[in-house]
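Counting with numbering that gives the first Met the number 0, you get residues 0 to 111 for the letters of the sequence shown.
Glycine included, every Cβ here is placed at the ideal spot set by N, Cα and C.
Values in this document were obtained by computation on a predicted structure and should not be read as measured data.
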Amino acid sequence: MKLVTAIVKPFKVDEVREALAETGVAGITVTEVKGFGRQRGHTELYRGAEYAVDFLPKCKIEVAVDDDQLDRVVEAIAQVAHTGRIGDGKIFVTALPNVVRIRTGETGSRAI
Numbered sequence: 000m001k002l003v004t005a006i007v008k009p010f011k012v013d014e015v016r017e018a019l020a021e022t023g024v025a026g027i028t029v030t031e032v033k034g035f036g037r038q039r040g041h042t043e044l045y046r047g048a049e050y051a052v053d054f055l056p057k058c059k060i061e062v063a064v065d066d067d068q069l070d071r072v073v074e075a076i077a078q079v080a081h082t083g084r085i086g087d088g089k090i091f092v093t094a095l096p097n098v099v100r101i102r103t104g105e106t107g108s109r110a111i
């Protein structure tokens, strides 16, 4: 099992959700986060005053998948979240040694 964590632009979340549903993903977790990568934020003008926006709004999508789904899930996220512009995001894949479904007590792949 793997945990796929994707940091994407907020306006791409619905498209990513739809793409993941098509790959057979049963559930996802989405969190609104702020951060920066290479773009290091930007400056904006508000009422004539310029100010720096250091942390940009992003969304973190977390999906627990079986190993056989991993490549399809990563590819789906990468295709849909891609705009070709700086700040498209990142996808992290980490090992998931165990999962427990609290309601039923199921563990491992059955709990996903």
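Give me, in chain order, the residues of the same chain whose beta-carbon lies closer than 7 angstroms to that of residue i; leave out the 5 immediate sequence neighbours on both sides.
i: N97; result: T106 and G107
CB-CB under 6 angstroms to residue i, same chain, minus the five flanking residues each way: which ones, in chain order?
i: R71; result: T22
Should residue i and residue j be called a contact, given that it needs their Cβ atoms to be closer than 8 angstroms?
i: C58; j: V79; result: no
i: I111; j: A20; result: no
i: T4; j: E61; result: yes
i: F35; j: D53; result: yes
How long is the line joining the alpha carbons of residue i and residue j, rounded to whole angstroms?
i: G83; j: A77; result: 11 angstroms
i: G88; j: D65; result: 23 angstroms
Residue i lies in the alpha helix (DSSP H); which residues open and close that run?
i: E31; result: Looking at the DSSP string, E31 is not in any alpha helix (DSSP H); the run it does join, the beta strand (DSSP E), is T28 to G34.
i: I90; result: Premise fails: I90 lies in the beta strand (DSSP E), G88 to A94, not in any alpha helix (DSSP H).
i: V79; result: L69 to A80
Taking all protein chains shown into account, do 16 or more other C-beta atoms lie within 10 angstroms of the C-beta of residue i, making it buried, or fewer, making it exposed?
i: A94; result: exposed
i: K11; result: buried
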